[in-house]
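Worksheet for the structure shown next.
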Amino acid sequence: MKSIGAFVRLTRIEHALMLAIAVLLAIFISAKAADATLPSIGIFAIALAVPALVQMASFALNDYFDVETDRHNKKKERPIVSGEASAQEALFIAAACYLLGNAASFFLGWGAFAITVVFSILSIAYNARLKDVAIAGNAYIAASMGIPFVFGSVVAFGEISRAAWVLAIIAFIVGLGREIMKTAQDFEGDSKKRNAKTLPAYIGVQNSLKVAAGLFMLFAPLSYVPFLYGLGANLLSLGMVGVGDLAIIAVCARLLHLREEKNKGENADSETKDALKRCRDVSLMALFVGLVGYLAGAF
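Terminal number for the sequence shown in the numbering used here: 433, no gaps in between.
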């Protein structure tokens with residue numbers, strides 16, 4: 135590993151940070167709704183670290199399995215492709231993060247431990263094979279974005295609060311949209327290098343983007359539902375969620391206006407791929423802003 139930056143890009147630490155915020159939010163909301171005592175600082179720290187470690191492991195393993203596809207798709211930001219990290223280093227980091235995450239979850243109780251083990255196994259299955267199965271792979275990633283809310287609620291008071299369920303469902307819907315968008319972006323490389331049968335292989339890139347846009351359309355009205363289930367509403371929280379909504383609406387509008395080159399058939403052209411990457415970046419930023427907004431309403 136040549137730099138800290140390469141490690142950050144290999145493990146996608148920004149995603150791990152979002153999961154930690156989601157768990158923090160779920161703990162506060164669930165404890166508040168149940169009038170329960172907040173966990174100790176030690177339990178808090180472990181609860182935030184566990185999903186982050188498993189997510190980091192999954193991304194490192196993803197780059198290990200996808201190196202040839204990433205090369206074909208010219209993803210030079212990926213450390214293995216750029217030569218900043220070796221495949222063996224990525225595999226070692228993945229194994230270490232899986233081990234640390236699962237071992238730490240044991241101290242959070244059987245419910246949290248079971249969730250961690252199940253999603254660790256699913257993440258390995260996803261990277262090895264599930265990602266090439268239409269919808270199934272997308273659904274796993276979407277579920278991995280929603281499960282931190284369930285995980286945090288279980289840590290907080292041993293059950294899943296209604297607010298945690300609502301947040302998990304919203305995260306699942308947006309996560310599914312983002313992943314379908316990604317399969318459209320990577321369709322050419324995935325189909326040629328891995329013969330992947332993702333959604334665009336069955337309904338085409340443009341129709342897949344319409345499905346993603348449809349899922350994003352659900353986000354704006356649903357984003358305010360958590361305020362009805364124990365999440366405090368104030369000017370800051372409502373404003374930040376509103377900003378996130380506007381960004382998601384902009385992404386949705388962009389997806390509906392994308393076009394493909396005729397001579398590319400069902401493959402997105404380079405301009406479309408760049409636009410899809412920007413859309414994914416904006417949607418991730420929107421989710422982060424929305425999460426911080428929810429967190430502001432939890433106090």
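Where a beta carbon is used, it is the ideal one built from N, C-alpha and C, also for glycine. Keep in mind the model is a prediction, meaning the values are calculated, not measured.
Outcome for residue i when other beta-carbon atoms lying within 10 angstroms are tallied against a minimum of 16
| i | result |
| --- | --- |
| ASP204 | buried |
| VAL157 | buried |
| LEU187 | buried |
| SER137 | exposed |
| GLU148 | exposed |
| ASN261 | buried |
| LEU380 | exposed |
| LEU365 | buried |
| ILE337 | exposed |
| ALA154 | buried |
| ALA305 | buried |
Member of the options whose CA lies at the smallest distance from the CA of residue i
| i | options | result |
| --- | --- | --- |
| LEU172 | VAL267, ALA346 and SER287 | SER287 |
| ARG412 | SER257, PHE433, VAL385 and LEU429 | VAL385 |
| GLY217 | ALA229, ALA387, ASP197 and TYR232 | ASP197 |
| SER342 | GLY427, ALA432 and LEU389 | LEU389 |
| GLN189 | LEU369, TYR232, ILE307 and ARG414 | TYR232 |
| ASP169 | ILE161, ILE175 and LYS316 | ILE161 |
| SER174 | LYS316, ALA290, LEU362 and LEU333 | ALA290 |
| ALA268 | ALA298, ALA335 and ASN236 | ALA335 |
| ALA318 | ILE304, ALA305, PHE306 and LEU333 | LEU333 |
| GLY376 | ALA229, GLY338, ALA237 and LEU356 | LEU356 |
| HIS206 | LEU372, ASP320, ALA165 and VAL339 | ASP320 |
| ALA297 | LEU370, LEU429 and LEU256 | LEU429 |
| LEU362 | TRP299, ILE155, VAL426 and ILE337 | TRP299 |
| ALA347 | MET315, LEU369, ALA367 and VAL426 | MET315 |
| VAL142 | ILE177, ILE258 and ALA219 | ALA219 |
| SER371 | GLU322, VAL426 and ALA387 | VAL426 |
6 Å CB neighbourhood of residue i in its chain, flanking five on each side removed
| i | result |
| --- | --- |
| ILE227 | ALA194 |
| TYR358 | none |
| ALA270 | LEU264 |
| PHE199 | ASN261 |
| THR145 | MET190, PHE193 and ALA194 |
| LEU234 | LEU187 |
| GLY378 | ALA420, VAL423 and GLY424 |
| VAL345 | ILE314 |
DSSP bridge partner residues for residue i (one or two, in chain order)
| i | result |
| --- | --- |
| VAL267 | LYS331 |
Cβ distance (whole Å) where residue i is taken to contact residue j below 8 Å
| i | j | result |
| --- | --- | --- |
| PRO213 | ALA140 | 4 Å |
| GLY280 | GLY245 | Contact doesn't hold; Cβ gap of about 16 Å is too wide. |
| LEU242 | ALA181 | 6 Å |
| PHE247 | PHE240 | 5 Å |
| ALA409 | LEU159 | Wrong, their Cβ atoms sit about 31 Å apart, outside the cutoff. |
| GLY309 | ILE275 | 6 Å |
Close Cβ partners of residue i (< 7 Å) along its chain, the five nearest in sequence each way excluded
| i | result |
| --- | --- |
| PHE422 | MET152 |
| ILE382 | PHE350, PHE353, ALA354, SER417 and ALA420 |
| VAL201 | ILE214, VAL215 and ALA221 |
| LYS210 | SER216 |
| LYS331 | ASP266, VAL267 and ALA268 |
| GLU313 | ASN272, ILE275 and ALA276 |
| LEU392 | LEU343, THR406 and ALA409 |
| LEU256 | TYR274 |
| THR250 | VAL184, VAL188, GLY235, ASN236 and SER239 |
| ALA150 | ALA186, GLN189 and MET190 |
| ALA224 | LEU144, ALA194, ASP197, TYR198 and ILE214 |
| MET374 | VAL423, GLY424, VAL426, GLY427 and ALA430 |
Chain B within 9 Å of residue i, Cβ atoms only
| i | result |
| --- | --- |
| ALA318 | Going by chain labels, chain B is absent from the structure shown, which holds only one protein chain. |
Residues of its chain near residue i, where Cβ-Cβ distance is below 8 Å and the 5 sequence neighbours each way are ignored
| i | result |
| --- | --- |
| ASP415 | none |
| LEU301 | ALA156, LEU159, ALA160, ILE163, GLY280, PHE283, PRO360 and TYR428 |
| ILE307 | ALA276, LEU349, LEU352, PHE353 and LEU356 |
| ASN368 | ALA430 and GLY431 |
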